[in-house]
Amino acid sequence: MWAELRKWAEQAGEGWRERRAQQCVGEENWVDSRTVYIGHREPPPGTDAYIVQNYPDNRIVSSKYTFWNFIPKNLFEQFRRIANFYFLIIFLVQLIIDTPTSPVTSGLPLFFVITVTAIKQGYEDWLRHKADNAVNRCPVHVIQGGKVVQKQSRKLQVGDIVMTKENETFPCDMVFLSSSSDDGTCFVTTASLDGESSTKTYQAVQDTKALRTEAEVDTLNATIECEQPQPDLYNFVGRINIYHETEEPIARPLGSENVLLRGATLKNTQSIYGVAIYTGMETKMALNYQSKSQKRSAVEKSMNMFLIVYLCILISKALITTILKFTWQSDSVRDEPWFNMKTQAERQRNKFLSSFTDFLAFMVLFNYIIPVSMYVTVEMQKFLGSYFISWDEEMFDNEICEGPIVNTSDLNEELGQVEYVFTDKTGTLTENNMEFIECCIDGHVHVQHSISNGQSFYSNAAIDFIDAPVGIADQERKELFFRALCLCHTVQVKREDETDYQKQHQDGRSSVYISSSPDEIALVEGVKRLGFTFLQVKDNFMELENPEAEIERYELLQILNFDSVRRRMSVIIRSVTGEIILFCKGADLSIFPRVKAGKLDLVRQRVQQNAVEGLRTLCVAYKVLTSEEYDSVHALLQNAKLALQERDRKLAEAYDLIESDLDLLGATAVEDRLQDKAAETVEALQKAGMKVWVLTGDKMETAAATCYACKLFRRSTQLFELTTKRIEEQSLHDVLFDLNRTIIRQSGSLPRDTYSGFSQHDLHDYGLIIDGTTLSLIMKPAENGSSSNYKDLFLEICRNCSGVLCCRMAPLQKAQIVKLIKSSKEHPITLAIGDGANDVSMILEAHVGIGILGKEGRQAARNSDYCIPKFKHLKKLLLVHGHYYYIRIAQLVQYFFYKNVCFIFPQFLYQFFCGFSQQPLYDTAYLTLYNISFTSLPILLYSLMEQHVSIDTLRRNPSLYRDVAKNSLLSWKSFIYWTCLGVFDAVVFFFGAYFIFDNSTMTSNGQMFGNWTFGTLVFTVLVFTVTLKLALDTHNWTWVNHFVIWGSLLFYIIFSFLWGGIIWPFLNYQRMYYVFMQMLSTGPAWLGIILLITISLLPDVVKKVLCRQLWPTATQKLQDILRQSKKDRVSEFSPLAPPPSSTYTNNIYRSHQQSKSISADSRKVTHTYWAEDDYCNNPSLFDYSGNHYPSNARCIFVPSGLETTV
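Per this note's numbering, the sequence shown starts with residue 1, numbered consecutively.
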């Protein structure tokens, strides 16, 4: 193997030298790389050719508009929305042809919406311009001519050497050259980039860290070859070529640890020097301005479908009236009455063109059936409603001093429709706060403190928990294992208190361990308590203190960093004796196949036992390298690190060759405790009808133990495995068919829950465990290129399981699982929740992505739709906020369509009584203000504040979530009901007013009401009916609701008095003058208004009463219980008068036989009353003595005694 490695290293080195010899025709011509000349110095002659670069300056532009393009660009963006464009077309039609309504009726609402939106967006963009100018004009310090020169940030250029002082923000993306620290490190916070508040350590380039002054830095002659700008904050590929006059150029690799990003802040370091490589809009921060792909909620899709239906209704109405008008006018007497003769031009007009014009006119007349203001109201409801999540104090976490964050308000209602929850394990279900438990060395277990047979064992006492050979472990191998734990990590030691994962030394020293992984912190601290203390890394030497208090120093030669694909990391160190050792630690599946020596069976046995107990395990191995072998390793790694293209692949291949033929030392076990109330949350989600899947990269035994702890699996759960081990024993096809037959046969005859699909029988509780390898086989396409039929079988099996655990999952496989469920035939709504970068793919794939503000960075939070501090907050987010949001917006959408049907259908009926002349029924002012003023605020306030049941009720009764599942409130059945209700009310409005007016003199002087009075009466009944309909649907009455609902009606009355009581000079007509007052001055009008409102509301009320009595939902049953409890409320534990006899009891709660057992000396009864709904919903009730009471018992009467009644 080593001969192969040396040969590959020599070939790679020769290839690299050949490329370096080609000055201008090699990598400099790659389109995906750039060359940066540090300090704008030309390279020495004979090296690289100097190519003049043209990169953008450092100006940041976050604004969308300029002064010149604001109006056209903003109008273009707004009219891209279908609703706005539709009303623009209607407005243009009104301008072009002779339409029955004024263009103002369509133009004014459209103008209002466009203007308000433009003002809002213009103001926001002005604020962005202001912020951009403040950033672009801030001073920065640049090294020129060996001196520090101050210039504005926007004038910074690629290649400038920048000096940044403590607590200053980096003005651009820079390669870190040197710092004021002796070891060439600096500490940086990146909170403004990724939200991580921890202090990170960055390393200067090894060959430039000695440059401490401005003059020394200015003498540097070097070039940087790096990739073109890309938005990934955590990856960077490049190399620096340092030129000397007498020596060959030196090439050093550059990675993300050498790059300081714009927006990060320098901490605890006096100053640093760096060279600008990306500026302005090419910085990683600017490239991350781009928003994620837009997600659309189920409600929005339903809304668009309903809109299409109403558009078809609109076209049908216009078509019907156009045909009927043509039929009506076919009679010359009707077409040309004596008082309205046509001109010669009108007689010669083309009939087709005339019919088309009539069609457009009817479209304009009926266009109000499409609610333009609904989109504005929905946007306002989503935007304002999202603040209720941010303001929720119960979801604020005092530990991290953060609350929930809403990254998008477009999916609020989707939180109430979730059917599948995909959750990560580590850091999501668990705390990600690791505690070292034990280590196993060659089959012998070492714990830091244990009690066995009554005796305490401290420090590194060896305790045999498994069958092992007689005798203790070899002392040298034990110490080698502890040294491996002390050296194989990336932990930094720092004297600071404001860091993540900080752990103060127990001996009083103030230094703390910091790392990006809490596992490493736990291991370093655990081995410290076993006698070996990691001290620091200084000048590329790692120092540790052994049990004899001696300081040992090891030269750090190489670090083979951890990645989620290999799932291991290694270090290569050199001892003071010159011995070169590679230490490797990682997951058991990534270490065991690479082991050629060591007690593999004993260690594997202990690892499996720890995994069953829910502990996280890591295996530790090593091998000794000769000088020749290390030279080959060094050359191989150096060539891979210097590659600008496919660096990750080349490094992975190099790591694979190096980390082989290992000697297994042992394994460690750390505990990751379950988060507070995680089990309660999972149980509540399952009761709400959601399927919960755990997707993790951990081993099966560890993940299964966590699933039992969080109640995803119960002891009664029958588990099925789809793992590699079983696939090796039986083909995948047979395993899937056997599982499918078993589950379907046993559960097929059982009643199924409508929404969750769970069996309602407790005897058949199935769980499924699948690993990543088996999932890859299931997802693999068939040979003919089509999708494998295994997916359907797999989905059928999962559909009948109460919980699913997917272990050994790669990040991409998590996203594949989510996508598989999303694309199934039911198309369920999915939610993914995680806390780490490996969860980002599934968070972006799911309908709703939730990020945990955890300890694995903020990548998940940054890419999510919502962020919550802890997993337990998911319960309230879905069961309370999601439930409320869906109820509110569903009512909003249906109500808008309902009130517009009520509004425009009388106009359609009116055409049958006016000869299809396109005569409007309502006045222009009423047409314009109906949706804008008269009926807009009540529904907006309803959609923000409605609570059909209390927050505590929703939280304590998760099953209420099922009442709104499957988008039930926006189903076609519900939509048709609301539409038919609107048509019925419209018919009542029109024909009720028609029969009241028919052949009757209404005023005292014998005058008849005219068409405008008729239309005003219909409109008055309309406004009052739709507003009172909303009042009847309101459960949560506050002073705001009262003010808005009754205020809207009062505003309509005042407006009508003013509109008809004053002669307005700017109007060319006064048709509404005194109409409203004259209408209200007659008794029949008052009678008609009251009677028609009552008749219109009556069917809906009757329907609700009948449905509530005959087919009540779970929510309605609970509302009745709560209403009864308020009616009969008494204080708890109220003593009652002595009963007439000792046998007194209520037969609802106790049988007659039980009552006879009551003591004859009992003269007092305790009346226990449950006022809270969560007690009364239990399946059964017991007192302290174990007596049973039925679930519907709200009150229990028992005699007084020594035992207190529960």
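Just so it is clear, CB atoms sit at the ideal spot from N, CA and C, and this is done for glycine as well. No experiment lies behind these values; they were computed from the predicted model shown.
Per-residue burial, residue i [other beta carbons within 10 Å of its own, 16 or more giving buried]
i            : result
residue 884  : buried
residue 669  : buried
residue 1123 : exposed
residue 622  : buried
residue 488  : buried
residue 137  : exposed
residue 713  : buried
residue 766  : buried
Residue i (DSSP reduced to helix, strand or coil)
i            : result
residue 1037 : coil
residue 52   : coil
residue 532  : coil
residue 1141 : At residue 1141, the pLDDT of 39 sits below 50, so the modelled position is not reliable; the number obtained from the coordinates is stated separately. It is coil, neither helix nor strand.
residue 166  : coil
residue 997  : helix
residue 319  : helix
residue 559  : strand
residue 488  : coil
residue 846  : coil
residue 203  : strand
residue 1109 : helix
residue 706  : helix
residue 933  : helix
residue 518  : helix
residue 399  : coil
residue 391  : coil
Cα-Cα separation between residue i and residue j, rounded to whole angstroms
i            : j            : result
residue 244  : residue 52   : 22 Å
residue 560  : residue 586  : 12 Å
residue 424  : residue 492  : 27 Å
residue 73   : residue 490  : 51 Å
residue 473  : residue 519  : Since pLDDT at residue 473 reaches only 46, below the 50 mark, its modelled position is unreliable, and no value is offered.
residue 503  : residue 610  : Any reading at residue 503 must be qualified, since the residue scores a pLDDT of 40, below 50, and its modelled position is unreliable; the value itself is stated next. So the alpha carbons of these two residues sit roughly 25 Å apart.
residue 1045 : residue 1031 : 7 Å
residue 896  : residue 375  : 10 Å
residue 181  : residue 446  : 39 Å
residue 607  : residue 479  : 20 Å
residue 371  : residue 1081 : 33 Å
residue 429  : residue 848  : 18 Å
residue 581  : residue 629  : 11 Å
residue 486  : residue 250  : 32 Å
residue 1208 : residue 546  : Residue coverage of the chain in this structure runs from 1 to 1206, which leaves residue 1208 outside it and unanswerable.
residue 66   : residue 125  : 9 Å
Which residues DSSP lists as bridging residue i, in chain order
i            : result
residue 174  : 260, 276
residue 33   : 227
residue 851  : 834, 867
residue 771  : 807
residue 187  : 201, 267
residue 1209 : The requested residue 1209 is not part of the displayed model; the chain covers only 1 to 1206.
residue 693  : 422, 804
residue 1225 : It is not possible to answer for residue 1225, since the shown part of the chain is limited to 1 through 1206.
- Take every Cβ of the region 1011-1022, pair it with every Cβ of the region 911-924, and state whether three or more of those distances are shorter than 8 Å. yes
- Do the region 1050-1061 and the region 960-972 meet, that is, are 3 or more Cβ pairs less than 8 Å apart? no
- Item | Contact between the region 404-421 and the region 680-693 (3+ Cβ pairs under 8 Å) | yes
- Task: Would you check if there are 3 or more beta carbon pairs closer than 8 Å linking the region 263-273 to the region 650-657?
- Result: no
- Item | Given 8 Å, three or more beta-carbon pairs between the region 216-235 and the region 35-45 | yes
- Message: With a threshold of 8 Å, are at least 3 pairs of Cβ atoms found where one atom belongs to the region 614-630 and the other to the region 696-707?
- Response: yes
- Three or more C-beta pairs closer than 8 Å, one from the region 356-373 and one from the region 895-912: is that the case here? yes
- Counting Cβ pairs, one atom from each stretch, are 3 or more of them under 8 Å apart for the region 655-668 and the region 858-878? no
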